[in-house]
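Worksheet for the structure shown next.
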Amino acid sequence: MMKRTKIKEAPKHIGEKIKVAGWINSCRSHGKIIFIDIRDESGVLQTVFLSSLKTEVVEKAKLVRDEWVVEIEGEINKRPGAAKNKDISTGEIEMAAESINILSEAKTPPFPINGDGYDIKEEKRLEYRYLDLRRKRMKDNIIIRQQASSFIRNYLIEKGFIEIETPILTKSTPEGARDFLVPSRIHKGEFYALPQSPQQYKQLLMVAGFEKYFQFPHVFRDEDLRADRLFEHTQLDIEMSFIEEEDVFELIEGMMSNLMEKVFNRKIKIPFPRISYDEAIGKYKTDKPDLRKDKNSDELAFSWTVDFPMFEILQDGSLDAVHHPFTSLKDDDIKIFEKIDLKNFDKEKLLKLKAKQYDLVLNGVEIMGGSIRTHKSEILKKTFEVMGHSPEGVEKRFGHILEAFKFGVPPHGGIAAGFDRLLQTVLKEKSIRETVAFPTTTSGNTAVMDAPSFVDENQLKELGLKLRKEEQ
RNA sequence: GGGCCCGUAGAAGAGUCUGGUUGUCUUCGUCUCCCUGUCACGGAGAAGAUCGUGGGUUCAAAUCCCAUCGGGCCCGCCA
57 MMKRTKIKEA
67 PKHIGEKIKV
77 AGWINSCRSH
87 GKIIFIDIRD
97 ESGVLQTVFL
107 SSLKTEVVEK
117 AKLVRDEWVV
127 EIEGEINKRP
137 GAAKNKDIST
147 GEIEMAAESI
157 NILSEAKTPP
167 FPINGDGYDI
177 KEEKRLEYRY
187 LDLRRKRMKD
197 NIIIRQQASS
207 FIRNYLIEKG
217 FIEIETPILT
227 KSTPEGARDF
237 LVPSRIHKGE
247 FYALPQSPQQ
257 YKQLLMVAGF
267 EKYFQFPHVF
277 RDEDLRADRL
287 FEHTQLDIEM
297 SFIEEEDVFE
307 LIEGMMSNLM
317 EKVFNRKIKI
327 PFPRISYDEA
337 IGKYKTDKPD
347 LRKDKNSDEL
357 AFSWTVDFPM
367 FEILQDGSLD
377 AVHHPFTSLK
387 DDDIKIFEKI
397 DLKNFDKEKL
407 LKLKAKQYDL
417 VLNGVEIMGG
427 SIRTHKSEIL
437 KKTFEVMGHS
447 PEGVEKRFGH
457 ILEAFKFGVP
467 PHGGIAAGFD
477 RLLQTVLKEK
487 SIRETVAFPT
497 TTSGNTAVMD
507 APSFVDENQL
517 KELGLKLRKE
527 EQ
């Protein structure tokens, strides 16, 4: 049996007989000559069926329809002069078909697969996502996503980073977004939480002596969805020991400029502009300015927003950390903070304190955020106090990491990207869902699969759960 | 939790505001026939609709009202 050749490789086989396999992209019958375009993952190839072929072959060629799965054998030839098609990469060649084998028939697709798909209801596209992903635009998005993650992975490994996975079944943290919870079967009535970020684990890895860590973690937040927000998304998470802000900027600028050039074929200038939070708010009325407006161009505009305030004031008048309590203050502000008497403190003074916190902004979208962490227990204790946490509360929420910090913690810091949102921004997609193979709708219903859904009573029983009667 | 918008043959849209023959039309797709160089081929013909669902108003509802389901965008929320 002849080995199958990928369509992208076909131009290397001019004058040879090969076999290609894939989906029918389109059929054009002219009576005595039939053109069948066959598509595989790598491209599209025109095959030509002449009436001089065996009747049986011609009959089969007349029978097939779009999206049927077939394999076709024949000789690869250069196309006659006028028949060349510059619009497709295999437009210089065609296959003089000799045989066709139908591997699988197909129903007529519920929507067109040619074209970009933007005008089709997303509801339908998600219901049949496996067909939607056949379209070139979606396939390209998924493939470039992999090229980007693969590039970043290699880049970081080259720089001495270790990729380490952290748990998905983990502990609920009362800070931040609403958790997704998973009931424990063994410990009835208790729950795991899915991670909102590997923040604490990656800091523990610094204590463990992994000086440069990264991973592409899947993280979960049970908050209402938007065009740029999903329940679950992929991060690029990075943490390093013995570094300062400039080390993070340098790493990310090198990584992003190389990524843009090698994967997205776009040159960008480094270093990126650094804009203080106060300047950004003053000049652009936002902490994520779109610098394309300044430059009056559509080029990708990266910038750092730096020197965020450490604390913000909430509606109830209490103070909260803008980023998180483990964020380090600027060196000068640490001294000021140390002198502040919390028994009788001036909120304004605290609100002026600046942190070693930074965001990477691309075209007005926050695509990365991070900070240098503080590991000094006195400062941490005081920060928790400002935020109104009782010592018992702190112990319950952060005890494990504070305990770890007692065993020799290196100065450390890091950054995390919303990987899907980064792709969305670079690819200029309107929705984050265009960069994900199987996203949910904005009400959290999954693509193709019918989730969430009710479960067996037995499953609930095993977990020690029951629904209230009126909810069943 | 709140606001705005959308749901009409397989797909996209017009029709709804201002109710009126049997749901009319456009593009694409589907099916049949014709066609030897097309490439989203072309030509001729045909089929295809519970106007999301339920209720109400009316002599009469795709059209007006209420409810409900589904979808999208935004505010809140997302350290």
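Residues 57 to 528, numbered by the working numbering, are exactly what the first sequence covers, in order. All C-beta atoms, glycine included, are put in the ideal place defined by N, C-alpha and C. Here the structure is a predicted model, which is why all the values come from computation and not from measurement.
Less than 6 angstroms between C-beta atoms, sequence neighbours within five positions excluded: which residues of the same chain meet that for residue i?
i: ARG330; result: TRP360 and VAL362
i: PHE217; result: LYS268 and PHE270
i: GLY420; result: LYS344 and ASP346
i: SER160; result: VAL125
i: GLU129; result: LYS75, GLU154 and SER155
i: SER98; result: LYS62, ILE63 and LYS64
i: TYR257; result: THR222
i: LEU237; result: PHE247 and ALA249
i: ASP235; result: SER228 and ALA249
i: ASP389; result: LEU409 and LYS410
Do residue j and residue i come within 9 angstroms of each other at the CB atom, strictly closer than that value?
i: ILE471; j: GLY425; result: yes
i: LYS403; j: ILE369; result: yes
i: ASP122; j: ILE169; result: yes
i: LEU292; j: SER353; result: no
i: VAL113; j: GLU150; result: no
i: ILE227; j: TYR248; result: The question names Ile, but residue 227 in the sequence shown is Lys. Their beta carbons are under 9 angstroms apart, which means LYS227 touches TYR248 by this criterion.
i: LEU416; j: ALA473; result: yes
i: GLY520; j: PRO239; result: yes
i: ILE208; j: LEU315; result: yes
i: PHE115; j: THR497; result: Residue identity check: residue 115 is Glu in the sequence provided, not Phe. Result no, Cβ atoms of GLU115 and THR497 do not sit closer than 9 angstroms.
i: GLU253; j: PRO273; result: Position check: residue 253 holds Ser in this sequence, whereas Glu was assumed. A contact, by the Cβ cut-off of 9 angstroms.
i: VAL511; j: GLU183; result: no
i: ASP175; j: HIS289; result: no
i: VAL465; j: GLN413; result: no
Have a look at residue i and residue j and give me their C-alpha separation to the nearest angstrom.
i: GLN528; j: SER145; result: The pLDDT assigned to GLN528 is 42, lower than 50, so where the model puts this residue is not dependable, and the model offers no usable value.
i: LEU407; j: PHE401; result: 11 angstroms
i: ARG135; j: GLU65; result: 16 angstroms
i: VAL126; j: GLY71; result: 22 angstroms
i: GLU448; j: PHE382; result: 18 angstroms
i: THR430; j: LEU286; result: 30 angstroms
i: ALA507; j: VAL482; result: 30 angstroms
i: GLY265; j: GLY469; result: 13 angstroms
i: ARG60; j: ARG282; result: 43 angstroms
i: LYS88; j: LYS110; result: 13 angstroms
i: GLN480; j: VAL319; result: 15 angstroms
i: TRP79; j: ASP96; result: 6 angstroms
i: ASP387; j: LYS395; result: 13 angstroms
i: ILE200; j: PHE276; result: 23 angstroms
i: PHE461; j: PRO251; result: 21 angstroms
i: ALA568; j: GLU131; result: Here the chain covers residues 57 to 528 and nothing more, so residue 568 does not appear.
i: LYS73; j: GLY310; result: 47 angstroms
i: LEU106; j: HIS86; result: 10 angstroms
i: ARG191; j: GLY171; result: 7 angstroms
i: LYS244; j: ILE224; result: 19 angstroms
i: ASP397; j: GLU295; result: 33 angstroms
Starting from residue i, follow its DSSP beta bridges and name the residues at the other end.
i: ASP388; result: In DSSP, ASP388 forms no bridge with anything.
i: MET424; result: LEU416 and ALA473
i: MET151; result: THR103 and ILE132
i: SER35; result: The chain is shown from 57 up to 528; residue 35 falls before or after that span and cannot be answered.
i: PHE287; result: DSSP, once it has assigned bridges, lists no residue as partnering PHE287.
i: GLY78; result: VAL126
i: SER160; result: VAL125
i: ILE294; result: PHE270 and ILE471
i: LYS535; result: Lying outside 57 to 528, the shown extent of the chain, residue 535 is not represented and no answer is given.
i: ARG26; result: Because residue 26 is not part of the residues shown, which for the chain are 57 to 528, the question remains open.
i: ASP96; result: GLY99
i: ARG532; result: Here the chain comprises residues numbered 57 to 528, so residue 532 is not present and cannot be evaluated.
i: ARG282; result: ARG285
Got a sec? Which residues, its chain only, sit under 8 angstroms from residue i by beta carbon, not counting five neighbours each side?
i: LEU140; result: As written in the sequence, residue 140 is Lys, which differs from the Leu given in the question. Within the same chain, LYS140 has close Cβ partners GLY147 and GLU148.
i: ALA493; result: ARG185, LEU189 and ILE198
i: SER332; result: THR361, VAL362 and ASP363
i: LEU119; result: ILE158
i: SER509; result: none
i: GLU485; result: ASN197, LEU479 and THR491
i: LEU516; result: LYS522 and LEU523
To which residues of the same chain is residue i closer than 7 angstroms at the C-beta, ignoring the five residues directly before and after it?
i: LYS525; result: Low confidence applies here, because LYS525 scores a pLDDT of 49, under 50, leaving its location unreliable and the question unanswered by this model.
Check your understanding: What are the uninterrupted segments assigned as alpha helix (DSSP H) that are 4 or more residues long and contained completely in the region 164-211, given in chain order?
Key -> 178-183 and 185-188
Point to revise | Complete runs of the alpha helix (DSSP H) confined to the region 341-421 [at least 4 residues] | key: 348-351, 387-395 and 403-407
Point to revise | Every unbroken beta strand (DSSP E) inside the region 217-271 [3 residues or more] | key: 237-239, 247-249 and 268-271
Check your understanding: Could you give the uninterrupted runs of the beta strand (DSSP E) lying entirely in the region 477-517, keeping only those of 3 residues or more?
Key -> none
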